[in-house]
Ligand SMILES: Cc1cc2nc3c(=O)[nH]c(=O)nc-3n(C[C@H](O)[C@H](O)[C@H](O)COP(=O)(O)O)c2cc1C
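Residue numbers (our numbering): 2 to 178.
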């Protein structure tokens, strides 16, 4: 028996996705005229071996075609880098961009994490393309994270040192747990 599926209301879909709290990254890469970037919260870990991550990039973004088969860096932002998140979302102009060179792609100085990637695979993601990158270098620092929740930037506080960590790693959870 088939049942008719009602069409999804796009506003409700957006509202639902907006209630998934995320961090905020800027994906940076070498463009034809120099370093470029765009703000991205559709970032996800994929695999430990090989080390893979993904970012989902709108087909209509200027970066889309420039990023295809191009090395890129995922810069995970700190709360004090909100102005950079706005700049790379085309919302306002941040005069000084703290660029520096990574091995294959540019990075933003002061980010919480840098994940430098070489292109691994690209998948069709509807009106987006899913770029899977192989992490070839990384840098981790300490600090709070910039978050995005219900269409707002929010600070995400680092855990207090006395807070116990979970006894397992999400990658190691048995799937029938
Ligand atoms: C918090 C936030 C998250 C965003 N996440 C994404 C994303 O995951 N993928 C995407 O393609 N655009 C995302 N955008 C929109 C792009 O940053 C924006 O369209 C940008 O201007 C594209 O730049 P470009 O046209 O120079 O490539 C996001 C914007 C904001 C403010």
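The beta-carbon is built from N, C-alpha and C at its ideal position, and this holds for glycine as well.
Going straight from the alpha carbon of residue i to that of residue j, what length do you get?
i           : j           : result
residue 178 : residue 97  : Because residue 178 carries a pLDDT of 49, less than 50, the predicted location of this residue cannot be relied on, and no value is offered for it.
residue 123 : residue 54  : 12 Å
residue 145 : residue 5   : 46 Å
residue 44  : residue 126 : 13 Å
residue 135 : residue 152 : 29 Å
Using the three-state DSSP reduction, which class does residue i fall into: helix, strand or coil?
i           : result
residue 102 : strand
residue 15  : helix
residue 93  : coil
residue 117 : strand
residue 178 : Below a pLDDT of 50, predicted positions are generally treated as unreliable, and residue 178, at 49, falls in that range; the measurement from the model is reported next regardless. Coil at residue 178, not helix or strand.
residue 69  : coil
Contact check, residue i vs residue j under 8 Å by CB: the rounded distance?
i           : j           : result
residue 59  : residue 148 : Actually they are not in contact, since the Cβ atoms of residue 59 and residue 148 sit about 21 Å apart, beyond 8 Å.
residue 112 : residue 77  : 6 Å
residue 39  : residue 75  : That belief does not hold up - the Cβ atoms of residue 39 and residue 75 are roughly 11 Å apart, past 8 Å.
Beta carbon shell of ligand 1 at less than 5 Å from a heavy atom = The set, ordered by position in the chain, is 39, 40, 41, 42, 43, 58, 59, 62, 63, 64, 90, 91, 149.
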